[in-house]
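Start counting the sequence shown at 1233; every next residue gets the next number (this note's numbering).
To start, the structure under review is shown below, and the notes come after it.
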Amino acid sequence: MNVRVGHSPDPDDAFMVWAIAERALDLRGFEIELVPADIQTLNVWAGEGRLEATAMSVGAYPGVQDTYRLLGHGASLGEGYGPVVIAKTDLTPADLAGQRVAVPGPQTTAFLTARLALPAFEPVQLDFEAIMEAVASGDVAAGVVIHEGQLTWEQEGFKRVLDLGAWWEGDTGLPLPLGAVAMRRDVPKDRALDLSAVLKEAVAVGLEHREEALAYAIEYGRGIAPELNDRFVAMYVNDLTLDYGAQGRKAVAALLERGAEAGLLPSPVLLDFLG
């Protein structure tokens, strides 16, 4: 069976699919095409039902819940850390009321969480790679950085306004569920379970062969230093990636409920995991 699997072009997602790219595990009869695309593009494609399995923002899931089902693994959860709101000068969240704030896409969890955590602001939708430049130029008052920008903002000379993962943990006591992997509902159940098992095993094989997987992942790091690549992958590829566990699933439910209550997400949310 030919299937396409979408992943974002950043080190943690690349680490998760290294074993598939290198055919380092049994693919159970699948011909798997890996399709890298930025997370907002993957969210849009999910809305079109384009890929059989794909990474997506947790915040995008309610809009595609009729087409996709979440897998119980492959998640990126921030345990007290997450996307960072940055500025050129020392600002507080209250200072951003009514200000232009760059965000990495309307369906990203980073944008959803920023809207929950900050006073009302004017969102400026930009490619995630353009956000730091927009902040540096003064085109926006602040920006929400994702991917390895969560680790490099300080060395780039920016100030932190708010770590959204730390805010979320302080407010809920839960990790912040940023990214998820989902399977299209029209994939036959037996093959869906097989593909889910392949994707989960790929993460486990990457963790077992960490150095090889890191060498593959750094190619997606946009010049990131090896030590930061290692640190970033460790933040988002771990035991919670292999299985959400009760806390992880509770975190997803809490975020989607908060979003729906705030009128930012469709309601009701069908929180449905495969298997």
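By construction, the Cβ of each residue, glycine as well, lies at the ideal position given by its N, Cα and C atoms.
Asked	Found
Simplified DSSP assignment, three categories, for MET1288	strand
Inter-residue spacing [alpha-carbon to alpha-carbon] between PRO1243 and PRO1420	31 Å
Under the three-state DSSP convention, the category VAL1419 falls into	coil
Rounded separation between GLU1459 and PRO1500 - CA only	42 Å
Own chain residues within Cβ distance below 7 Å of ALA1398, not counting five before or after	GLY1312 and TYR1313
Buried or exposed by the 16-neighbour rule on C-beta atoms within 10 Å, applied to VAL1321	Note that residue 1321 is Thr in the sequence shown here, rather than Val. So THR1321 ends up on the exposed side.
Top-ranked residue by Cα proximity to GLY1370, from LEU1496, GLN1382, VAL1356 and LEU1383	VAL1356
Chain-order list of residues whose beta-carbon lies under 7 Å from that of ALA1445 (same chain, five-residue window excluded)	PHE1247, TRP1250 and GLY1438
Expected contact under 8 Å - CB spacing of ALA1366 and ALA1334 to nearest Å	5 Å
Counterpart residues of ILE1318 in DSSP-defined beta bridges	GLY1375 and ARG1392
Per DSSP, cross-strand counterpart(s) of ILE1264	VAL1235
Check whether LEU1350 and PRO1315 have beta carbons under 7 Å apart	no
Contact between the region 1338-1353 and the region 1449-1459 (3+ Cβ pairs under 8 Å)	no
Limits of the unbroken alpha helix (DSSP H) element including ALA1334	Element bounds for ALA1334: not the alpha helix (DSSP H) but the beta strand (DSSP E), 1332-1335.
At least three beta-carbon pairs within less than 8 Å, the region 1462-1473 to the region 1259-1275	no
Span of the beta strand (DSSP E) around SER1308	1308-1310
Between the CA atoms of THR1299 and ARG1416 - distance to the nearest angstrom	6 Å
CA nearest to the CA of HIS1379, picked from GLU1263, LEU1488, GLU1493 and SER1289	SER1289
Identified DSSP bridge partners for GLY1411	SER1289 and SER1308
Counted within 10 angstroms of its Cβ, other Cβ atoms place LEU1283 as buried (16 or more) or exposed	buried
Residue closest to ASP1270, alpha-carbon to alpha-carbon, out of GLU1280, PRO1241 and PRO1294	PRO1241
Where PRO1458 sits in the DSSP three-state scheme	helix
Coarse secondary structure for GLU1401, derived from DSSP in three states	helix
Assigned exposure category for ASP1395 - 16 Cβ within 10 Å defines buried	buried
Beta strand (DSSP E) segment containing ARG1301, residue limits	1300-1302
Backbone CA spacing between LEU1474 and GLY1238 [nearest angstrom]	18 Å
Short Cβ contact (7 Å threshold) for LEU1358 with PHE1505	no
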